[in-house]
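J.: Before anything else, here's the structure in question.
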Amino acid sequence: MVGQALEPLGHAAQLAELRDLWRDGAGPRTLLFAGPESVGRRPAARWFAAYVNCSGPAEARPCGVCPSCSLLAAGTHPDLKEVAPRATTSTGRAKRSLELRIDQLVPREGGDPEPLGPWLLTRPRFTTRVGVIDHAESLNVAAANAFLKLLEEPPAWALIVLIAPGPEAVLPTVASRAATVRFRPVDAAELERLAPGATDHPAVRLGQPGALLRAAEGSGDGARRAAEALLQALDGDLAGAVTAAEAFAKATQEALETGTEPGPLVWLRELLRREPPQRYATAVAAVDRCDEALASYAQATLACTVLALELRAVLGA
Ligand SMILES: [Zn+2]
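The numbering used here applies: residue 4 is where the sequence shown begins, and numbers increase by one.
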């Protein structure tokens, strides 16, 4: 099938559900794509935008070749707009708690020049404007309230797709206005098909095709190497362990700033699975403490050095 390139892996049931909902073009106009991170909710939203805008034969939509499908595949579709929380603060520092700003949704003086609300109210070039709100769980009350009327009743040519872990994770006023489609981690066998021989990648266990695809492209390799280097250095002398901790801290910071998943800490947890259960549990507890320290803005080098020393004690030099 030509449109297959647009099809997210491992969610045939969900795509069939969306086709059914929208066969006559009269499905719910606000949807919530629920599920864990990296399982394919964003690609599914793009597929859905392709499906509703496709001018190919009804049974073959999205066809992959009509003008709308071509623009979607190229990432330049005029009727698809995705908003996501900004990962950096105005000072350029990586910010760990993400929040969608009100001016990304509705006009505010000095804010985003093209917020989602007015964009949705503008007539589409093809048939349907699709606005995707990523991390809808990070919508605060003020932003949600300012956008509520649109969520309740988007114009006839518009669709809103909210992406969040689940309806319980978003504000009740938002959840109650959306029809939920649930996405689950993708089957390991299915992921094996995508990346043969990748069985030791954490994404396979977590059912995350997105992370696996990025790994196949070579990005995210640094995260794995950083975790391996740290574990290796723990067998050597103390100075070596501290140096490795500094490099590990740097890689962790980088992963955070670039949004690389899985990051070094996830890889570290994965590699520690080789350890016997008791040692594994103690070691992973140390990794969790480091993770929490980083999330509460602890100094990265310090947090990672503490982690390295704790791991060294557990795993035995
Ligand atoms: Zn098409």
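From the three backbone atoms N, C-alpha and C, an ideal C-beta is built for every residue, glycine too. Bear in mind that the values here come from a model prediction, so they are computed numbers and not experimental data.
#1: Less than 8 Å between the CB atoms is what I'm expecting for leucine 12 and valine 189, so what's the real figure, rounded?
#2: Whole angstroms are fine: how far does the CA of cysteine 57 sit from the CA of alanine 87?
#3: Let me make sure I understand the geometry here. Which of Leu234, Ala191 and Glu171 has the alpha-carbon closest to that of alanine 182?
#4: Under 7 Å: does the beta carbon of proline 158 sit that close to some heavy atom of ligand 1?
#5: Quick one: grab the DSSP three-state call for glutamine 17.
#6: CA-CA distance, glutamate 257 and leucine 297?
#7: Please classify proline 279 as buried or exposed, where buried requires at least 16 neighbouring CB atoms within 10 angstroms.
#8: Verify the contact flag: proline 65, CB atom, against every heavy atom of ligand 1, threshold strictly below 7 Å.
#9: Does the separation of the CB atoms of arginine 185 and alanine 303 fall below 8 Å?
#10: Between alanine 159 and chain B, is any beta-carbon pair separated by less than 8 Å?
#11: What do you get for valine 317, buried or exposed, if any count of 16 or more other CB atoms within 10 angstroms of its CB means buried?
#12: I think alanine 311 touches alanine 247, with their Cβ atoms under 8 Å apart; what is that distance to the nearest whole Å?
#13: Following the continuous alpha helix (DSSP H) through valine 287, name the residue where it begins and the one where it ends.
#14: Which of the three DSSP states is assigned to glutamate 102 in this structure?
#15: Does the beta-carbon of cysteine 307, which I'm using as the reference point, lie nearer than 7 Å to any heavy atom of ligand 1?
#16: With 16 other CB atoms within 10 Å as the buried threshold, where does arginine 321 fall?
#17: Keeping to the same chain, check which residues put their C-beta closer than 7 Å to that of phenylalanine 129; ignore five residues upstream and five downstream.
#18: What does DSSP give as the partner residue(s) for valine 135 in the beta ladder?
#19: Are three or more beta carbon pairs between the stretch 194 to 201 and the stretch 171 to 180 nearer than 8 Å?
#20: Identify whether arginine 64 lies in helix, strand or coil by the three-state DSSP scheme.
#21: Going by CA-CA distance only, name the one from Ala52, Arg217 and Val245 that's closest to serine 41.
#22: Bridge partners for threonine 33 per DSSP, in chain order?
#23: Which same chain residues end up closer than 7 Å to cysteine 307 when comparing Cβ atoms and leaving out the 5 residues on each side of it in sequence?
#24: Buried or exposed: arginine 2, going by 16 or more other Cβ atoms within 10 Å of its Cβ?
#25: Could you tell me the distance, in whole angstroms, from the CA atom of leucine 314 to the CA atom of proline 205?
#26: Specify, as a first and last residue, the run of the alpha helix (DSSP H) that alanine 172 falls within.
#27: Pull the bridge partners of alanine 229 from the DSSP assignment, please.
#28: Using CA atoms only, rank isn't needed, just tell me which of Pro158, Gly134, Arg104 and Ile166 is closest to leucine 124.
#29: May I have the straight-line CA-CA distance separating arginine 187 from isoleucine 166, to the nearest angstrom?
#30: For glutamine 235, I'd like the list of residues in its chain whose CB is within less than 6 Å of its CB, leaving aside the five on either flank, ordered along the chain.
#31: Going straight from the alpha carbon of tryptophan 122 to that of glycine 262, what length do you get?
T.: Inspection of the coordinates gives the following:
#1: 6 Å
#2: 25 Å
#3: Closest by alpha carbon: Glu171.
#4: no
#5: helix
#6: 13 Å
#7: exposed
#8: The answer is yes for proline 65.
#9: no
#10: Chain labels in this structure do not include chain B; a single protein chain is all it has.
#11: buried
#12: 6 Å
#13: 280 to 298
#14: coil
#15: No - ligand 1 has no heavy atom lying nearer than 7 Å to the Cβ of cysteine 307.
#16: Summary: the structure shown does not reach residue 321, with the chain confined to residues 4 through 320, and so no result is reported for it.
#17: Asn56, Ser71 and Asp82
#18: Assignment of beta-bridge partners to valine 135 by DSSP yields Glu85 and Val164.
#19: no
#20: coil
#21: Arg217
#22: Among the bridge pairs identified by DSSP, threonine 33 is matched with Ile163.
#23: Ala248, Phe251, Ala252, Thr255 and Cys293
#24: For residue 2 there is no data in the structure shown, the boundaries of the chain being 4 and 320.
#25: 20 Å
#26: Run containing alanine 172: none; DSSP gives neither H nor E here.
#27: Partner(s): none; alanine 229 has no beta bridge.
#28: Pro158
#29: Taking the CA atoms as reference points, arginine 187 sits about 13 Å from isoleucine 166.
#30: none
#31: 27 Å
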